[in-house]
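Here the structure comes first, spelled out in structure tokens, and everything after it is commentary.
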Amino acid sequence: MQKIIEQLNENLKQLYRQAVDADNFIESMQQQGKGKFSAVFKQSNLFEGSSKYFKPYVAEVAADVSALEPANELDKLDQEKLAVIVKKLELLHSTLAQFKTVIKAANS
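In our numbering, the protein residues as written are 10 to 117.
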């Protein structure tokens, strides 16, 4: 169980670094009058919150992972919650990868 939590936290660290870069790009584009959107994910069934930046979504998943951590080694992880966390991580990874491609194209 602890290995699963460690892997989730490692994923969150990677996503956080990518989210910072993406959020900085979004901020600079909006200062130029571009990137006029209200949320990264439109009416997502996965995420409770909504933001035009990535970091709040990463923070939401981090809170989910913290809530998932078992009180002791004998506790079992909630499989439904774990599945939702994995889906959120997958969505963030794929969206940030696509966004990174857009950033590279814009900077070329």
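The beta carbon of each residue, even a glycine, is placed where N, CA and C say it ideally should be. Here the structure is a predicted model, which is why all the values come from computation and not from measurement.
- The count of Cβ pairs closer than 8 Å, one atom from the region 15 to 35 and one from the region 56 to 72, reaches three, so the stretches are in contact.
- Taking residue 113 as reference, the option from 13, 30, 54 with the minimal CA-CA separation is 30.
- Counting other Cβ atoms within 10 Å of its Cβ, residue 46 stays below 16 and is therefore classed as exposed.
- The three-state secondary structure of residue 50, taken from DSSP, is coil.
- Going by beta carbons, residue 55 and residue 97 fall inside the 8 Å limit.
- A Cβ-Cβ distance of about 6 Å is found for the pair residue 48 and residue 60, placing them in contact under the 8 Å criterion.
- With a threshold of 16 other beta carbon atoms within 10 Å, residue 73 meets it and is buried.
- By alpha-carbon distance to residue 101, the top candidate from 36, 68, 42, 43 is 68.
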